[in-house]
Each structure stands twice: as C-alpha cells, then as structure tokens.
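Peer 1: For the sequence shown, this note's numbering assigns the number 49 to the initial residue and increments by one for each residue that follows. Even glycine gets a Cβ: it sits at the ideal position worked out from N, Cα and C. These figures come from a predicted structure and were not determined experimentally. Starting off with a structure, shown below.
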Amino acid sequence: MNGEKGNGEKGFTYIFALVLIFVTSASMMSVHKQWSTIMKREHEIELLYRGNQILTAIESFYNNSPGGSKSYPQNFKVLLKDNRFPNLKRHLRKHYKDPMTRDGNWGVIYDGKGRIKGVFSKSFAPPLKQGGFPEKFESFEKKKKYNQWKFVHDPVKET
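And the structure:
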C-alpha cells in the first residue's frame, strides 16, 4: 500500500458525521422541549399573579364604591385612576397583559350592566398545572384550557 486510505475509512467518517448530527439534533429537541415547559410554567405563574391582581383591583373598586350602591368598573382605566374620590385612588398599579396570548388582551366578563367583573385568558392551550391551586382559585383544578381559568368577582362569596 502506498499510503492511501482504504475506502472503508471514508465511509466510517461519513457515518460518524451522520450519527453526530442525529445525536446533536435529538439533544437540541430535548433541550427545546424542556425550555418550552419551563417557559410555560413561568407564564402560568404570571397568569395567576396578573389575574389575581386584576381581580383584587375589581374587588377593591366594587367594595370602595362611594355612597351605598356598589358598582363594577366601566373599563380598566378607572382601576388605574379612580376619580370617584377627592383624592386619587389606584386600585391597580399598572395595566397587566395576558401572558398566555401574543396580543396580551384579556377576555372580559361583564355584569348585567356592561361593567367589568372579571377577566380570563383567551388562550385555548392546555395548562400544565392541574391541581394545588390556592383556595381562591380551586375552581381552576382539572380545567382543560387556560380560557377556563376565570378571575371573577363574586360578592356573594365575600360574605
């Protein structure tokens, strides 16, 4: 032999390269799936936090209505800046977006007078979290989609 490599060695390098590409691709897919799950859990935590913040603001607006008649807010702006009092009152510190949707817009639940009494995510994605919710949100257990997680003020439950 005059220093030339045999044909078998060239094929070995090609197969090794293909195996390396396959293993790298499989690893990247696994990492992507894990990262997606981590991000979805983070978004769920944010959804619960933001939904609760909005619900608490709606409850505050309702319970602090001046005079004897309680009412819900007409829009989200009045939760940020309630001018019904001599001094400015803020029930909500900032406008929270829905973390589960691209546009960030919430679904809105209205009372019989067209006023906001709750919100929900517009996402039809299935939640990872199926149990272990705080008592306030135990109705979220075993829901099939995020849009079934309703953050709604119910004055009857307060009493």
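Among ARG163, ASN195, THR85, whose alpha-carbon lies nearest the alpha-carbon of SER169?
Peer 2: ASN195
Peer 1: Whose C-alpha, out of GLN122, HIS139, PRO134, is nearest the C-alpha of LEU128?
Peer 2: HIS139
Peer 1: In this structure, how does DSSP classify TYR158 when only helix, strand and coil are distinguished?
Peer 2: In the structure shown, TYR158 sits in a strand (DSSP, three-state: E or B).
Peer 1: Distance check for SER78 and ILE210, CA to CA, integer angstroms please.
Peer 2: There is simply no residue 210 to check, as the chain begins at 49 and stops at 207 in what is shown.
Peer 1: Could you tell me which residues DSSP pairs with LYS237 in its beta bridges?
Peer 2: Lying before the first or after the last residue shown, residue 237 is absent from the chain, which here runs from 49 to 207.
Peer 1: Any idea what DSSP makes of LYS125, helix, strand or coil?
Peer 2: helix
Peer 1: How many Å lie between THR72 and PRO174 at the Cα?
Peer 2: 29 Å
Peer 1: Where does LYS137 fall in DSSP's three states?
Peer 2: In the structure shown, LYS137 sits in a strand (DSSP, three-state: E or B).
Peer 1: Return the CA-CA distance between LYS198 and ILE69, expressed in angstroms with no decimal places.
Peer 2: Cα to Cα, the separation comes out at about 46 Å.
Peer 1: If I measure Cβ to Cβ from GLY152 and keep anything under 8 Å in the same chain, skipping five residues before and after, which residues do I get?
Peer 2: LYS145, ASP146
Peer 1: Once the 5 residues before and after LYS193 are set aside, which same chain residues still bring their CB inside 8 Å of it?
Peer 2: The beta carbon of LYS193 sits closer than 8 Å to the beta carbons of SER171, PHE172, ALA173, PRO174, PRO175 from its chain, once the five residues preceding and following it are set aside; these are given in chain order.
Peer 1: Output the distance between the C-alpha atoms of GLU107 and MET76, rounded to the nearest integer angstrom.
Peer 2: 46 Å
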